[in-house]
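**Q** Okay, here's the structure, questions in a sec.
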Amino acid sequence: MGLLTFRFPDGALVPRLGLGTWRMGESATERKDEIAALKLGLDLGMTLVDTAEMYGEGGAEKLVAEAIAGRRDEVFVVSKFYPYHAARAQLVQACEGSLKRLRIEAIDLYLLHWRGSVPFGETIETLERLVADGKIRRWGVSNLDVPELEEIAALDGGGNLATNQVLYNLAQRGVEFDLIPWCAGRNIPVMAYSPLDQGDLAEAASLRAIAQRAGASSAQLALAWVLRHPNILAIPKATRLEHVRANRAAAELRLDAATLEALDRIFAPPQRKRPLQMV
Ligand code: NAP
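Residue 7 is where the sequence shown starts when you use our numbering, and the numbers rise one by one after that.
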């Protein structure tokens, strides 16, 4: 079956389940396995790849370049720049560095990794220029809470914000209270990072029985749960091929009301505003 998709307001269609690359591209001995995992993910339709200049200090972007070689057009590449590269000259330079490592002409979605000291206005103006110059196709942010999104929305060009990538999984549900509704109301997808709580949810004893009843593994249950909302994209990282396959299969799982209620009893939904968490 085809993967669940999200269509950006500008028409670009992406799968809602993609591939994370944090902690990839750091070790020569893992390299072959990491490339094989990314290639398998692409073969299975998970063609949204999330990376950052930070990951492996450029090593992950180089790895992505190798994994997408010869099939650039199938892939939607997301990368991120350090907050201390968010000023005009540094941002243009950081973008050139990412393009070179990724060996592509343009980044599909370029994100401010977290908030730093550079005013949003300067960063957005530069991002808009990068779009006009064809270096990036669209831009977004990561690890920003609602008041910061409001700040951005009020700025020139702020309406072009294409995503907010935040920590979201069963064990960290704070964003359900306000951030997900804020984004959904504006047709801005939320990109859920660490959807498996960095692997912890795959081991969670509390999930085992519910997962078994749903005919899935705990990791698959956790992933299907994140994907239950049409405005959410998830980018699990997996180096083991069986994990890549399992994650792809999780996108086919539909959780019934009884399963969702059972999960709510273990991982309670937020009843009030919580500060945005990040890893
Ligand atoms: P994650 O995706 O929640 O968990 C990754 C861990 O789960 C790995 O140890 C992986 O093992 C394991 N795993 C994957 N699929 C599994 C399965 N089906 N069954 C059992 N275990 C499974 O954690 P993450 O890497 O922190 O987050 C995902 C991506 O989000 C990152 O790679 C990165 O691209 C992005 N991210 C962004 C930010 C940000 O600040 N914007 C922060 C964190 C992460 P193997 O690798 O051994 O297969």
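Backbone N, C-alpha and C fix where the C-beta goes; we use that ideal spot for every residue, glycine too.
Hey, quick one: how far does the beta strand (DSSP E) through F82 stretch, first residue to last?
**A** 82 to 87
**Q** To the nearest angstrom, report how far apart G163 and A211 are at their CA atoms.
**A** 46 Å
**Q** In three-state terms, what does DSSP make of W231?
**A** Three-state DSSP puts W231 in a helix.
**Q** How close, in whole Å, do the beta carbons of E67 and E59 come, if the pair is a contact with beta carbons under 8 Å?
**A** 7 Å
**Q** As a quick exercise: from P125, I142, E258, R121, pick the residue whose alpha carbon is nearest that of A100.
**A** I142
**Q** Determine the contact status of L155 and L176, defining contact as a CB-CB distance below 8 Å.
**A** It is not a contact, given that the beta carbons lie outside the stated cut-off.
**Q** Got a sec? Which residues, its chain only, sit under 8 Å from A42 by beta carbon, not counting five neighbours each side?
**A** Within the same chain, A42 has close Cβ partners L247.
**Q** Just to confirm my understanding: we take T129, look at its own chain, exclude 5 residues before and 5 after, and list those with CB closer than 7 Å. What are they?
**A** A92, L97, L118
**Q** Could you tell me the boundaries of the beta strand (DSSP E) in which D56 lies?
**A** 54 to 56
**Q** Please determine if the segment 210 to 226 and the segment 14 to 31 are in contact, where contact requires at least 3 C-beta pairs separated by less than 8 Å.
**A** The segment 210 to 226 vs the segment 14 to 31: no contact.
**Q** Mind checking whether the beta-carbon of R107 lies closer than 7 Å to any heavy atom of the ligand NAP?
**A** no
**Q** Between which two residues does the alpha helix (DSSP H) containing N170 stretch?
**A** No alpha helix (DSSP H) contains N170, which is instead part of the beta strand (DSSP E) from 170 to 173.
**Q** Is the beta carbon of L9 closer than 8 Å to that of G47?
**A** no
**Q** Would a C-beta distance cut-off of 8 Å place G26 and E40 closer than the cut-off?
**A** Going by C-beta atoms, G26 is not nearer than 8 Å to E40.
**Q** Tell me where the beta strand (DSSP E) around T245 begins and ends.
**A** Element bounds for T245: n/a, residue is neither H nor E.
**Q** Is P275 near the ligand NAP, in the sense that its beta carbon is under 7 Å from a heavy atom of that ligand?
**A** no
**Q** Using 8 Å as the threshold, is the C-beta distance between N170 and V137 below it?
**A** Going by beta carbons, N170 and V137 fall outside the 8 Å limit.
**Q** Can you give the Cα-Cα distance for L54 and D114, rounded to whole angstroms?
**A** 10 Å
**Q** Name the two residues that bound the continuous alpha helix (DSSP H) containing G103.
**A** 94 to 108
**Q** Nearest CA to the CA of P236: which residue from I216, G191, L282?
**A** G191
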